[in-house]
Amino acid sequence: MPSSAPTAARSAGFRIVLWAFALFAIAPFGLLVMTSLKSQPDLMRGAFALPSRPHFENFVSAWVDGHFSTYFRNSVLVVVPVVIFGVILGLLSGFAFAFLSFPLKKIAFALLALGMMVPSEAYIIPLYYEMLYLGLINSYAALILPQIAMSVPFATFFMASAMQQLPTDILEAARIDGASRGRILMKVILPLMGPSISSLALFLFIWTWNEFLIPLILVNDDSLRTLPLGMLFFQGRHTVNIPVLTAGAVLVILPVIVAYLFFQRKFVEGLTAGASK
Amino acid sequence: MTKSPLDGRPLANLLFLLPSLIIYVAFIFGPIVVAVGLSFTDWNGLGRPVFVGIANYTALFRDPDFLTAMKNNAVLMIFYCLVPLALGMVLASVVSAVPPRERLAVRTLLFLPYIMPSAVIGIVWRWLYNPLFGPINQGLKAVGLGALALPWLGDFTWALPAVGFVVVWYYFGFCMVIFMTGLQRLDPSLYEASRIDGAGPVYTFRRITFPLLLPEVRIVLLLTIIASIKSFDLIFTMTRGGPANATLVPNIYMYEMGFQLSRFGYAAAVAVFGAAAIFAVNYAVHRAINPKDGV
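Chains D and R supply the protein sequences, listed in that same order.
Per numbering that gives the first Met the number 0, the first sequence starts with residue 0, numbered consecutively.
Per numbering that gives the first Met the number 0, the second sequence starts with residue 0, numbered consecutively.
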């Protein structure tokens with residue numbers, strides 16, 4: 000047996016390395032938050048100097064003058080329907096894939112799997128013209144409808160695999176009782192799906208909140224921009240006002256960080272387990 | 000497959016599928032099919048598309064800008080795939096050195112960049128890299144490395160590695176967490192046995208950890224290679240492909256060709272080529288790494 004002293008030293012070394020990388024991962028966020036609380040004179044004293052006092056007025060500037068109130072409202076108005084309809088559609092089609100037989104089931108499956116692999120950049124040009132012909136360019140519908148559609152494949156597969164884990168005797172019993180399938184889905188399956196639904200809702204929230212290409216191409220009216228887009232155009236207008244720019248960035252990522260810290264186990268396990276399928 | 004007790008008449012069953020299928024076909028699958036069709040035409044977005052056969056695709060391979068974009072993408076794959084893979088695996092294999100509670104904290108922090116909006120991350124790093132007031136160059140000057148304080152994103156040579164550095168920062172924690180999950184699957188008695196046999200840490204890693212982690216290696220490679228082919232948001236907000244195409248990637252080129260120059264047929268060919276590349280990579284990685292015969 001090797002003595003424990005070098006092992007302990009090595010383990011301490013590994014620990015330092017790990018924490019150094021953890022620090023590297025979050026350092027940009029730390030700098031971001033610190034800078035968002037600085038005044039312009041604070042900034043002149045150097046990027047790493049602490050602010051003399053927290054200048055929350057940067058957030059007010061970003062919120063009011065930087066139109067972040069509009070961008071924030073738009074992000075919420077887009078995310079909420081996408082998550083709700085994404086979950087509902089996922090429940091319905093997940094139910095179909097988990098329990099029902101229908102013609103061309105394998106092809107339908109492949110069709111949805113295709114949409115999970117093809118990046119949105121590949122079909123954004125036809126999507127833009129489709130929205131143009133439908134008269135939906137520069138509308139909430141242009142932001143919401145494609146993103147519901149983009150949620151469908153993942154939501155379907157996620158819900159189907161969760162439903163396949165349900166104990167079949169409960170479903171059988173419900174069927175023998177003569178309940179309709181819609182009723183079984185609503186009254187028996189839905190209450191058992193709580194954890195899966197909340198995971199799905201969380202992922203759809205993050206993906207939609209972070210989406211960039213759809214709002215970049217499908218709206219050009221500032222009053223319809225979501226946060227990531229608003230941030231980009233705000234940067235174009237205010238290249239020099241770094242404290243307000245960083246305050247804006249904090250406003251965009253704060254909801255994501257809060258959701259992440261609350262549900263971090265769900266996030267990490269869901270995203271990495273989902274990846275291994 | 001045994002028939003589920005919930006099964007019914009096929010037409011009635013279809014009612015559960017149709018809402019999803021309709022919206023999916025209308026806004027995803029339909030546009031995919033049209034994009035493929037469009038890639039065989041010449042279209043300025045106004046008149047009728049003119050069928051040109053495979054002319055767009057053959058032109059792509061003679062287009063020096065597209066070839067630059069492909070070359071840049073190949074370089075970026077080092078930062079998307081290899082560095083995060085190596086770093087993630089090394090960090091995951093030493094993470095057992097910290098107590099479980101600390102391990103959870105480290106995991107939480109390392110995973111954080113991955114869930115952030117990449118467009119905003121691009122804007123934030125643009126500020127961090129700013130040659131005048133960016134923290135990176137200020138930090139370099141503060142520690143006496145002022146000579147290294149380059150205009151990172153504006154420098155023809157350094158812009159691509161500078162973008163690559165951000166990509167590594169974005170993905171390495173994610174890779175580590177995937178490998179951490181993989182390691183939990185492994186039997187601790189294997190390590191016990193190799194330790195008793197006197198195997199050193201490098202030998203243990205090479206002969207036990209790495210081969211047993213092949214399923215995770217495959218996932219990480221798949222996800223990161225696909226991410227590199229898809230890259231758009233981060234580069235769009237950081238450099239828009241500049242300076243002088245130094246960070247141009249195919250999706251940025253698609254955007255320029257389509258939405259700036261109205262060469263929609265050509266842009267569609269760029270986009271379809273990227274999607275086809277993703278399928279090819281998926282197939283190749285599944286063929287090349289087969290964990291069952293790897294162990």
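All C-beta atoms in this analysis are idealised placements derived from N, C-alpha and C, irrespective of residue type, glycine included.
Residue i by DSSP, collapsed to three states: which one?
| i | result |
| --- | --- |
| Phe155(R) | coil |
| Phe132(R) | coil |
| Asp62(R) | coil |
| Asp221(D) | helix |
| Phe108(D) | helix |
| Phe47(D) | coil |
| Phe50(R) | strand |
| Asp6(R) | coil |
| Thr246(R) | coil |
| Ala276(R) | helix |
| Thr238(R) | coil |
| Asp232(R) | helix |
| Asp41(R) | strand |
| Pro150(R) | coil |
| Glu210(D) | coil |
| Gly134(D) | coil |
| Lys37(D) | coil |
| Ser227(R) | helix |
| Pro152(D) | helix |
| Asp186(R) | coil |
| Val239(D) | coil |
| Met253(R) | helix |
| His54(D) | coil |
| Phe171(R) | helix |
| Asp64(D) | coil |
| Val176(R) | helix |
| Ile288(R) | coil |
For residue i and chain B, any beta-carbon pair shorter than 9 Å?
| i | result |
| --- | --- |
| Phe266(D) | The structure shown contains no chain B; its protein chains are D and R. |
Please list the partners that residue i has in chain R, where partner means a Cβ-to-Cβ separation under 9 Å.
| i | result |
| --- | --- |
| Ile213(D) | Going along chain R, no residue has its Cβ under 9 Å from Ile213(D), so there is no contact; the nearest lies around 10 Å. |
| Val68(D) | Rather than Val, the amino acid found at residue 68(D) in this sequence is Ser. None at all; the shortest Cβ gap to chain R is about 17 Å. |
| Pro242(D) | Correct list: empty, because the minimum Cβ distance to chain R is about 11 Å. |
On the CB-based measure, 16 or more other CB atoms within 10 Å of its CB, does residue i come out buried or exposed?
| i | result |
| --- | --- |
| Ser195(D) | buried |
| Ala267(R) | buried |
| Arg180(D) | buried |
| Phe272(R) | buried |
| His66(D) | buried |
| Thr236(R) | buried |
| Ala68(R) | buried |
| Asn129(R) | buried |
| Ala287(R) | exposed |
| Phe156(D) | buried |
| Asn289(R) | exposed |
List, in chain order, every chain D residue whose beta-carbon is nearer than 9 Å to that of residue i.
| i | result |
| --- | --- |
| Val97(R) | Ser10, Phe13, Arg14, Leu17 and Trp18 |
| Ile234(R) | Those do not exist, as Ile234(R) stays about 11 Å from chain D at its closest Cβ, beyond 9 Å. |
| Met76(R) | Per Cβ cutoff of 9 Å: no residues; Met76(R) is ~16 Å from chain D at best. |
In chain R, which residues lie with their C-beta within 8 Å of the C-beta of residue i?
| i | result |
| --- | --- |
| Met230(D) | Ala118, Val119 and Ile122 |
| Glu171(D) | Pro4 |
| Leu217(D) | Within chain R, no residue comes near Leu217(D); the closest Cβ sits about 11 Å away, beyond 8 Å. |
| Val255(D) | Ile114, Met115 and Pro116 |
| Trp208(D) | Pro116 |
Along chain R, which residues have their Cβ under 7 Å away from the Cβ of residue i?
| i | result |
| --- | --- |
| Val251(D) | Pro116 and Val119 |
| Phe157(D) | Under the 7 Å cutoff, chain R gives no residues; its nearest Cβ is about 12 Å from Phe157(D). |
| Glu45(D) | This sequence places Gly at residue 45(D); Glu is not what is there. Per Cβ cutoff of 7 Å: Gln137. |
| Arg180(D) | Leu5 and Gly7 |
In chain D, which residues lie less than 7 Å from residue i when you measure between Cβ atoms?
| i | result |
| --- | --- |
| Ser188(R) | Those within 7 Å of Ser188(R) in chain D number zero; the least Cβ separation is about 17 Å. |
| Gly257(R) | Ile124 |
| Thr180(R) | Thr271 |
Starting from residue i, find everything on chain D with Cβ-Cβ shorter than 8 Å and list it in chain order.
| i | result |
| --- | --- |
| Ile277(R) | Met116, Val117 and Pro118 |
| Asn250(R) | Pro118 and Glu120 |
| Ala266(R) | Ile124 |
| Lys229(R) | Pro118 and Glu120 |
Going along the chain, which residues of the region 117-151 of chain D sit with their C-beta nearer than 7 Å to a C-beta in chain R?
Listed by position along the chain: Val117, Pro118, Glu120, Ala121, Tyr122, Ile124, Pro125, Leu126, Glu129, Leu144, Pro145, Ile147, Ala148, Met149 and Val151.
Interfacial residues, the region 182-206 of chain D to chain R, with Cβ spacing under 7 Å:
Going along the region 182-206 of chain D in chain order, one finds Ile183 and Ile205 with a Cβ nearer than 7 Å to chain R.
Give a yes or no on contact between the region 203-218 of chain R and the region 111-122 of chain R, applying the rule of three or more CB pairs nearer than 8 Å.
No contact exists between the region 203-218 of chain R and the region 111-122 of chain R.
So, do the region 94-112 of chain D and the region 9-28 of chain R have three or more beta carbon pairs nearer to each other than 8 Å?
Touching, yes.
Residues in the region 74-99 of chain D having any Cβ partner in chain R nearer than 7 Å
Per Cβ criterion, the list reads Leu88, Leu91, Ser92, Phe94, Ala95, Phe98 and Leu99.
Taking only beta carbons into account, state which residues of the region 8-25 of chain R come closer than 9 Å to chain D, listed in chain order.
Taking 9 Å as the Cβ-Cβ cut-off, the region 8-25 of chain R approaches chain D at Pro9, Leu10, Ala11, Asn12, Leu13, Leu14, Phe15, Leu16, Leu17, Pro18, Ser19, Leu20, Ile22, Tyr23, Val24 and Ala25, given in chain order.
Should the region 44-52 of chain R be regarded as contacting the region 212-223 of chain R, the criterion being three or more beta carbon pairs within less than 8 Å?
Too few Cβ pairs lie closer than 8 Å, so no.
Residues of the region 26-42 of chain R in Cβ contact with chain D at a cutoff of 7 Å, in chain order, please.
For the region 26-42 of chain R, which is checked against every Cβ of chain D, the residues closer than 7 Å are Phe26, Ile27, Phe28, Pro30, Ile31, Val33, Ala34 and Leu37.
Pair every Cβ in the region 83-96 of chain D with every Cβ in the region 241-252 of chain D, then say whether three or more of these pairs are closer than 8 Å.
With a cut-off of 8 Å, the region 241-252 of chain D and the region 83-96 of chain D do not count as touching, because too few Cβ pairs lie within range.
Looking at C-beta atoms only, is the number of pairs between the region 124-132 of chain D and the region 210-218 of chain D that lie closer than 8 Å three or more?
The region 124-132 of chain D, when compared against the region 210-218 of chain D, does touch it at the 8 Å Cβ threshold.
Cβ contact check for the region 13-23 of chain D and the region 95-109 of chain R: 3 or more pairs under 8 Å:
These segments touch.
Touch check for the region 137-149 of chain D and the region 159-173 of chain D: three-plus C-beta pairs under 8 Å?
Of all C-beta pairs linking the region 137-149 of chain D to the region 159-173 of chain D, fewer than three are shorter than 8 Å, placing the two stretches out of contact.
May I ask you to verify whether the region 253-269 of chain R touches the region 184-199 of chain R, counting CB pairs closer than 8 Å and requiring at least 3?
Two segments are said to touch when three or more pairs of C-beta atoms, one from each, lie closer than 8 Å; by this definition the region 253-269 of chain R does not touch the region 184-199 of chain R.
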